[in-house]
Ligand SMILES: Cc1cc2nc3c(=O)[nH]c(=O)nc-3n(C[C@H](O)[C@H](O)[C@H](O)COP(=O)(O)OP(=O)(O)OC[C@H]3O[C@@H](n4cnc5c(N)ncnc54)[C@H](O)[C@@H]3O)c2cc1C
Ligand SMILES: NC(=O)c1ccc[n+]([C@@H]2O[C@H](COP(=O)([O-])OP(=O)(O)OC[C@H]3O[C@@H](n4cnc5c(N)ncnc54)[C@H](O)[C@@H]3O)[C@@H](O)[C@H]2O)c1
Ligand SMILES: Cc1cc2nc3c(=O)[nH]c(=O)nc-3n(C[C@H](O)[C@H](O)[C@H](O)COP(=O)(O)O)c2cc1C
Ligand SMILES: [Zn+2]
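Protein chains in written order, with our numbering: chain A, 2 to 197; chain B, 21 to 133; chain C, 4 to 1013; chain D, 99 to 512.
In structure tokens, the structure reads:
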């Protein structure tokens, strides 16, 4: 939903899916998680200085195993690549986190980029979530193959997505702003077969 | 649609990757010192191997990293992948690409002996 | 008519559900559980189609997906569907079908005259004729051939149904739900493995559905039911009836088409997909596809009523139809005796014609005991009947099977069932790169060495026809597959008890001699019923040198029909082997290719249609553009405002030309605003970022000051321009790059590629931020005043000069404002995080009211930049253009030793004089706008060919210059400025043009200061 | 060679078609030929034919590792056109089209060359600029070329959906373009070449070359060594493999390209329609199948298959443009191995080995050139100098940079 900015008074802020009602079907709800903070962090995890500096800011070690993530409070840190992490923060926490990371990492090989608006996140919740994702996702999301806390980049037809499971039947899917409408429409169309 | 082994993310659908052509083609260090023909070969000429081909892939939709892999271009079976800068693994000389990846470890060990 | 041929008791039908259907305008009834074919046979309809070439009457030959003959046009209107095999259509109430490829009707088909002149249509006849006169081929001969060919008719309306795709993963995929497949699924499923069991039929059970076998002393179908119930209880087992596995691709990727609602008939609502296309990645695959019966190749073996023996048995037992009263069973093996026995039991009078002199199996004994007449050592040598078979002649065969050694005897019959043994279904095995072996005992191809994905086969698909063997193979392979996939110990469930199958040997006579030598007389020995290919065509092909099985296929079209030769291929190659005096495996098979049976395009596409075909990417300001009445242009997958037509009070809407003229003028007079969000943006960080850019761009970057921006050209290693854009240094180790809209992904890929693979030691990281930033570009003399209304940033040229960047707030939102210009006028590119984009756009629009703000789109942008001679990569360049060709030598650093593409400048052709170079063109008639793409010549000839010097890349009417302007790539153009050349157009007009500089407006470049 | 005609058929009908002679012999290889052609696809066979017919060199063998025409000649979507952008290409491909126009007659074999018209659709402004430039360029080269408005496109192809995701903004038509029967081309050339004494040797793979002092002397094959005065290599997808045998490399990569056909239907698509922006092309064969192709897989492969997702990427656009085909079914899909150059133009060239000539790099679009390619290549081999039409396509362009860049202008070469 478009809404008033809490940082800049009097300003309406939007997401690519502003104004959409959740997609609802039997065993399925799809909603947008708007305005989460998102930061791309890059650097050399093998460099102890880098690891320590990041830990001093995040309060946790960076995940170094492919497809894993860490959660500290409301912040989630995902392994994106061997030298890249994605951090999701609560709304409006990204500026401070970004600044803190930059400060802590000064002089080290690194990159910190705010990508909060580059992406948005769709949440699929319900026992049919896997069936919906199976309409386009090329990775196996069966409970034996993919667990809560795991995360990876992959594809959904034309969209590149980053997917993580947060709970037994809940998946959060991050997608570029300009592909959000497409993905949303895909889900909406796909959910029709279970429409109440 | 074959599978490609990302050295980090594991075996994934080929559609998640971008192909980057033949591997181990280094850019000439002194382009000014080489002939037009040598420069032309660097940009255009490729082994185009029928058989075991060393090639580059990027896990574009996944981790986004480039790596190298050996694939048999007759059957599209991938022997293994390896990170940039690492040496290529060595499948047995007579590997015909008609084995499944599960067997490659065994084959590789056999070849060493 | 009311199901005269329906048996009282038998069949897996729900007789409480009587269904009405229409065939060729006539109404009939059938039951739930029927196929269209079984229902037609129950109603005594045998003639269902006309053959491809000769338009001979054709009936129903099989009871499955291998059917070559009984193709119908299913339904009418939007849901019509050509070439549908009646044998696989589940009957539903209200079904409508019609015969196809015949006119005016299937009974009286005018083109059946082709039969009479069949002698003139041997294989390949069209390669030998229709050559004279040459000019007649396309308009006359080909038209006739096209009309005559082609089978059914395409739908002419949009499909009202929906389709879906499903990506599935499993440990064990079992293809085929006969006894072997069910056993495999049970064995695998019990280990806890994820199992998918797919069968193309409406029910699981395979051959058992047509059989009366016992398992553990109980009807086999009880075992099937019990097993399915168990599978249903296993959480990770999915059983998919009506699902044909269509393709077996690399790494155990298999596709399957599930017919979700086809058996229910047209649905009122398209919410439930009509068909679902499965894309399955399996760890292990068990192929239990069964076997397909092979017909005998005998004279006139194509009349309606002539069918496969097992098919007749299926009609009797599974569908409760005894389609005739007098049955002849013609066989070379024991299995067809079951058909004879069942037909006899169903009340028909039965004759068995057995090629074998001395058949011995227990089934033979059983038939003898039932007093069924058996004509041993005999063959059917002719058949008769106009629209359906009415009888046949039989005769004794010589020991070599090549000739008749007795007079013929006539037997009246209305059904002629025949069997030439079985072909295991090795299609998917072969698609999976598995080798085939010819089994000399069973006379068929069976799976040999497996391909890399190591599928396993079980059941009659391996040539094991004994039910017990099928079950035990299924259990064993299912258990082994699960174990290989990491489940269970490999322990094999115990096979239940079944009666052993005891069969005598077959007698192979690949071509049954007729009364006349092959190819003489009228009789035809069909092996490919659908494409009307006969044994004598194979002889002809061989005679003419088309000896390879692949040439045979293509010369005669054998096996190229919608059935892909499921019943014909092995017969064809066996006949070729005989002719060549070669062993059958030496002749070999043609290549098995997907799909196993034809798959609907709709299903392959699934949801990827209409608005989901390819994403429509839009910027954060898109809602405002829609409100403002923008007309959009497709740029890559983006929808960008092209122009903003105004509607006058009288209701007239501006044309594109009018809108663009107005927008162009107003931008230069007051101020305009463009949505530039789609430009690619890349955040570049790291201590080596500047050095990296030195490699990537032709100019120098290490000397750029933070807060300042610079334009760059990017080349590939061929030395050709492939992208351009402005890049800003945000900090020593931090740059913000922009790229063209269409080039964004390519450029990022290019940078990543070099940094990761060639220069991994460089400290530089790229991150795409295209959508992070929404960009409102304001440009024109009033731009500064407008911006001043919505920001408190200092805007005076000293503090905020051209090619500089400032951070601050605009309209209350955090912003980076870049003072760069693509119009040549004073301009600001206001970047805000996308969430603020719509707000800022609206705020600027509002504030702009007092500054004469006009919204403009990409077309005006193109005109304005052309006025200034700014290039558009991809329009004024095409991948063959160097910076020097663009007269942009100034941007190529002479100080750098190297950068990407530099070496290519020194190649003979690249450094050559007289290359095509970018110049301006002014037409003689200032109002004449050259078409883009028109060519420039020196010597105009009355008509082409004319030697051209280059072409117009950009061309517009420029209201600001007050005339038309154009850019062109012209050979040696830079040296030829001032010359007058010509542009001859395709409509005959020739426009004289003068070569000029590329800058048409504000040559002094003062306007960018405001 | 006995002449084929309706009369021949009638005559043979009387004798139950038992007296047709072989279309070509299956001779054993001779120890030496003046020219050995490696590769029995359309181009190789045409080369042999023109060597015999026009250059008076009849002591020629065509060596084919499998069956004649079993390479890309037997697996292409049969599109013929000459509306190429670059002057050099236009000259080459139009030379071919002119030969096509008389080919059935010349070979006495109906190759079913059907000038049903070839339409390129433009779906966006960039496409319009591309066809604008190409259409004019073709026109200036004296080749037929017409622009169509969307309405005219609709008149020509009534079943098209103009307002699809990328609306049809216009079209470029070449009326002389069309299709031909692929197999017949190989067979027709083989028969005519054979009749002039060319030996066509199938199931014989070239495994190496005899090269002495930088001069080729013969070929090694699975059926023994064969001496040769000159060698012309026309091995399409396998060009790099054969070049390796001769000790040099080519600027080529071999990519899979797939095609598929629908079940046959009554005539519904009259011309050939190509769409580069959404990448699908479609025509209907005389048997009634829709013949459909698109772009190739993006990795090298000799598997003669391709990935299923490429098929999906073609079916999607087809249904977008022709939604009525949603219920129509795909009958068969297959793949070929296309040797692709970076500029998407072929290579006809002398090589580092004297008397060895290469004709390759036709990639995804060489069927249409078959007669022209064979013709100029034959003359080049005979003379030892590249024919003027072939000369710009020499291999040294990759050193000088004088590419004939059909790829650069975003035209796709099918
Ligand atoms: C799916 C697809 C669609 C296409 N569509 C079109 C189209 O619509 N229009 C168009 O113009 N073009 C098209 N093409 C391209 C066209 O098919 C080819 O460019 C053309 O057929 C090449 O002909 P050729 O004779 O050079 O090659 P081929 O027909 O491939 O012949 C080469 C022969 O060399 C043989 N050979 C290879 N190595 C050896 C050896 N060592 N010894 C002996 N013999 C050897 C091969 O077996 C083969 O028979 C398409 C290609 C494909 C794959
Ligand atoms: N000589 C003989 O008497 C003889 C010959 C053949 C079979 N049989 C009998 O037939 C039975 C064979 O059992 P079985 O399990 O091996 O085979 P089956 O024929 O019972 O089952 C195979 C099943 O696979 C399905 N199928 C085939 N291809 C498919 C595909 N691509 N996708 C989805 N489904 C597909 C078929 O529709 C069929 O239902 C046994 O009872 C055997 O005794 C006997
Ligand atoms: C123009 C054209 C039309 C074709 N039409 C058919 C057809 O109607 N039926 C068919 O089964 N195959 C058809 N094919 C495909 C061939 O069967 C075969 O797949 C192709 O020649 C490649 O050979 P391969 O599959 O044996 O490798 C056609 C091929 C081409 C090139
Ligand atoms: Zn990865």
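Even glycine gets a Cβ: it sits at the ideal position worked out from N, Cα and C.
Because the structure is a prediction, the values reported are computed rather than measured.
Using a Cβ-Cβ distance cut-off of 8 Å, determine whether residue i contacts chain B.
i                      : result
residue 440 of chain D : yes
residue 446 of chain D : no
residue 4 of chain C   : Any reading at residue 4 of chain C must be qualified, since the residue scores a pLDDT of 49, below 50, and its modelled position is unreliable; the value itself is stated next. Not closer than 8 Å to any Cβ of chain B, the Cβ of residue 4 of chain C fails to qualify, so no.
Can you confirm whether residue i, when its beta carbon is compared against all beta carbons of chain C, has any partner nearer than 8 Å?
i                      : result
residue 51 of chain B  : yes
residue 23 of chain B  : yes
residue 107 of chain D : yes
residue 503 of chain D : yes
Which residue or residues does DSSP assign as beta-bridge partners of residue i?
i                      : result
residue 716 of chain C : C/727
residue 280 of chain C : C/168 and C/260
residue 88 of chain C  : C/74
residue 816 of chain C : C/813
residue 153 of chain A : A/164
residue 971 of chain C : C/922 and C/955
residue 29 of chain C  : C/26
residue 777 of chain C : C/835
residue 269 of chain D : D/219 and D/246
residue 457 of chain D : D/446
Taking only beta-carbon atoms, is residue i less than 8 Å away from chain A?
i                      : result
residue 121 of chain B : no
residue 686 of chain C : yes
residue 85 of chain B  : yes
I believe residue i touches residue j by the beta-carbon criterion, under 8 Å. Please report the beta-carbon distance rounded to the nearest angstrom.
i                      : j                      : result
residue 292 of chain D : residue 298 of chain D : 6 Å
residue 954 of chain C : residue 972 of chain C : 6 Å
residue 153 of chain A : residue 26 of chain B  : That belief does not hold up - the Cβ atoms of residue 153 of chain A and residue 26 of chain B are roughly 10 Å apart, past 8 Å.
Does residue i have its Cβ less than 8 Å from a Cβ in chain G?
i                      : result
residue 286 of chain C : Looking at the structure shown, chain G is missing, and the protein chains on hand are A, B, C and D.
Inset, instruction - Quick one: which residues of the stretch 240-261 of chain C get their C-beta closer than 8 Å to a C-beta of chain B? List them in chain order. - result: Cβ contacts with chain B come from 252, 253, 254 and 256.
Legend entry - Ranges of the beta strand (DSSP E) found wholly within the stretch 376-445 of chain D, counting only runs of at least 3: 378-382, 388-391 and 427-438
Inset, instruction - Compile a chain-ordered list of the residues in the stretch 439-459 of chain C whose CB is closer than 7 Å to at least one CB of chain B. - result: 454, 455, 456 and 457
Inset, instruction - Could you pull out every unbroken alpha helix (DSSP H) segment of at least 4 residues lying fully inside the stretch 638-703 of chain C, listed in chain order? - result: 659-672 and 692-699
Inset, instruction - Would you mind listing the beta strand (DSSP E) stretches within the stretch 97-180 of chain C that are 3+ residues and don't spill past its ends, in chain order? - result: Runs found: 98-102 and 166-178.
Inset, instruction - Pull out every residue of the stretch 86-118 of chain B whose Cβ sits closer than 8 Å to any Cβ of chain A, in chain order. - result: none
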